[in-house]
Amino acid sequence: MNETLRQLIAVLRAQADSLEQALALTERQTDCIVRRDLEQINGLSSSLEREVLAGRRLEERRLGFAAELAAALGIDPEATTLGTIAAALPRNESRALLAAGDTVIRTVERLARRSAANRQLLEHELQVIDQVMRIAHRGERTTYAGGGTYAETTISLLDARA
């Protein structure tokens, strides 16, 4: 049981490190979005994808160690949380497990906030592009009207009310 607990704590720490790497990549991605550096955004997206895949492997290992430890403690592995495992452990082991789990949770929360901010930045950029495209298409001058006659009216490029 002690070895499984050590493995679980080690995997939680590795998950926290992996999430910190993903957070660093996401923060760099924010800077690139602001600078509109598409090449760097694409490269960082690929790196972030690899980090997420590594995180999934760690998550599978964490689930396995948690289930193994829960079974050793007589807890239903299907209904197990770090809290239920920690409650069944001696105080020092419980604190170490909860501390490792809290680090993962805090990093996930920070990563979620940064990812949401990046999503908003990208959505704003798409809105700007959409607006520019609408303005550009409204500004096309037609030489002939639909009926084949010369069109004397022009379409304004910018709306003065905007």
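Residues 125 to 286 (the numbering used here) make up the sequence shown, in order. Idealized CB from N, CA, C, for every residue including glycine.
Could you tell me the distance, in whole angstroms, from the CA atom of residue i to the CA atom of residue j?
i	j	result
A134	R219	14 Å
I229	L168	23 Å
L288	C156	Summary: the structure shown does not reach residue 288, with the chain confined to residues 125 through 286, and so no result is reported for it.
P208	R215	Residue identity differs from the one stated: residue 208 is Thr in this sequence, not Pro. T208 and R215: Cα-Cα distance of roughly 13 Å.
R160	A196	53 Å
T231	E183	14 Å
E217	L235	27 Å
N242	E151	9 Å
M125	S171	36 Å
D200	A190	11 Å
N166	V256	23 Å
T120	V158	No answer is possible for residue 120: the residues shown for the chain start at 125 and end at 286.
E163	L132	38 Å
Is residue i helix, strand or coil when you go by DSSP?
i	result
A212	coil
D200	coil
M125	coil
With a 10 Å radius around its C-beta and 16 neighbouring C-beta atoms as the bar for buried, classify residue i as buried or exposed.
i	result
R258	exposed
R237	exposed
A211	exposed
G225	buried
Q153	buried
L250	exposed
R186	buried
Could you give the first and the last residue of the continuous alpha helix (DSSP H) run that contains residue i?
i	result
G179	162 to 197
T205	Counting along the chain, T205 falls outside any alpha helix (DSSP H), and DSSP gives it neither H nor E.
Any heavy atom of the ligand MG within a distance shorter than 7 Å of the CB on residue i?
i	result
Q131	The ligand MG is absent from the structure shown, which contains no ligand whatsoever.
Under 8 Å between C-beta atoms, does residue i make it to chain D?
i	result
D200	The chain labelled as chain D is not found in the depicted structure, where only one protein chain is given.
Can you find at least 3 beta carbon pairs, one from the region 172 to 185 and one from the region 128 to 146, that sit closer than 8 Å?
yes
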